[in-house]
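Worksheet: one structure, shown below.
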Amino acid sequence: MSKPFAALAFPHADAELAGLAGAWLGRLSGERRVSPLTLDAYARDLRQFLAFAAQRRGETVTLAALSALKPADIRAFMAQRREQGVTSRSLMRQLAGLRSFARHLGREDIATVDVFSKARSPKLARVLPKALPVDKARELASGEADEARPAWIVARDAAVLALLYGAGLRISEALSIRRQDAPVGSVDALTIKGKGGKTRATPVIQPVRTAVETYLNLCPHPLAPDGPLFVGARGGPLSPRIIQLTVERLRGALGLPDSATPHALRHSFATHLLGRGGDLRSIQELLGHASLSTTQIYTAIDKARLLDAYKSAHPRA
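Position one of the sequence shown corresponds to residue 0 (numbering that gives the first Met the number 0), numbered consecutively onward.
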């Protein structure tokens with residue numbers, strides 16, 4: 000990247016600092032092969048910060064001034080950006096770009112600018128899972144609206160979806176079940192290996208077992224005891240993508256929003272249990288969450304029920 004461009008791109012920096020910024024972007028473009036859009040974003044982020052620093056100092060920003068920055072300067076910059084309506088995610092990206100420039104200066108033995116690494120990253124708002132209404136979750140899990148395909152495939156997909164909503168499984172967990180462990184007859188529980196290799200025991204209610212039995216009765220392929228319970232059209236392991244496509248078709252047939260995904264059935268399982276009086280610790284175990292804080296997000300979905308419980312039980316309500 001040329002010096003004239005660097006000088007134009009960073010008008011609030013002196014010639015030395017602007018040249019260093021240009022060299023950093025040139026290195027990202029050449030050696031790191033960073034995309035032009037990312038380079039533009041990094042240059043814009045640094046330019047915005049230098050404009051803030053120049054205004055705060057009342058003079059052009061030099062390399063020495065950059066090295067002398069304090070955490071309070073970064074906090075003030077982030078506060079100003081928030082006032083301008085910048086989201087936490089955008090702030091995180093901007094801070095990442097500034098840290099990249101500081102690391103470049105350190106790697107080249109030009110200067111030590113560690114203030115950006117000391118700055119605390121903004122917290123991202125936790126996105127609440129979108130549960131389906133009980134009746135819609137039941138319709139989606141039944142698979143009954145997808146009758147255009149062979150009966151055994153419809154039954155197979157219905158059995159998988161029943162496990163997601165009726166037992167709170169992830170797709171990967173449902174598809175990892177072996178034939179010999181199928182929840183049928185008197186087998187009313189599964190041992191599931193979830194994230195991080197953590198195992199949990201999951202009860203399987205009768206309607207879910209019935210769905211699995213229906214699938215097994217219709218499946219035309221021989222299933223080895225130690226092989227997968229759910230297989231594709233040609234008898235091989237079933238791909239998660241097939242279930243995702245099935246849900247997309249069912250969404251259209253049932254008039255459901257795009258948020259109605261296979262994983263939304265797992266969220267619905269937890270939310271509906273909580274709404275019927277289930278306690279968080281039990282739901283945590285059923286979902287296989289390592290931390291109770293992960294399960295607690297479901298309390299935000301069911302605020303109305305919690306408020307009613309408070310009003311009916313608290314002596315001062």
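All C-beta atoms in this analysis are idealised placements derived from N, C-alpha and C, irrespective of residue type, glycine included.
- Non-local C-beta neighbours of R250 in its own chain, meaning closer than 6 Å and more than five positions away in sequence, comprise A259, ordered along the chain.
- Ranked by Cα distance from V159, the first of A252, M91, L264, V112 is L264.
- One Cα belongs to A101, the other to L36, and the distance between them is close to 20 Å.
- Per DSSP, T190 is one residue of the beta strand (DSSP E) stretching across 188-192.
- Of S175, S185, Y214, L215, the smallest CA-CA separation from G196 is found for S175.
- With fewer than 16 other Cβ atoms from the protein chains shown falling within 10 Å of its own Cβ, H220 counts as exposed.
- When only Cα atoms are considered, Q54 and P10 end up about 12 Å apart.
- In the DSSP assignment, T111 falls outside any beta strand (DSSP E) and carries neither an H nor an E.
- D134 places its beta carbon 8 Å or farther from that of L97.
- Between the stretch 107-119 and the stretch 65-81, the count of C-beta pairs closer than 8 Å reaches three or more; the two stretches touch.
- A53 is bridged by DSSP to nothing; it lacks a bridge partner.
- Assignment of A12 by DSSP, reduced to helix, strand and coil, places it in the strand class.
- DSSP places V159 in the helix class (H, G or I) of the three-state scheme.
- Boundaries for T201: no alpha helix (DSSP H) harbours it, while the beta strand (DSSP E) harbouring it runs 198-202, taken from the DSSP string.
- Around the beta-carbon of P182, 16 or more other beta-carbon atoms lie within 10 Å, marking it buried.
- Secondary structure at V85: coil, using DSSP grouped into helix, strand and coil.
- Look at V211 here: in three-state DSSP terms it is helix.
- Non-local C-beta neighbours of V246 in its own chain, meaning closer than 8 Å and more than five positions away in sequence, comprise L139, L160, A259, T260, P261, ordered along the chain.
- Judged by their CB atoms, V230 and L222 are nearer to each other than the 8 Å cut-off.
- Taking 8 Å as the cut-off, the beta carbon of I170 is found closer than this to the beta carbon of L163.
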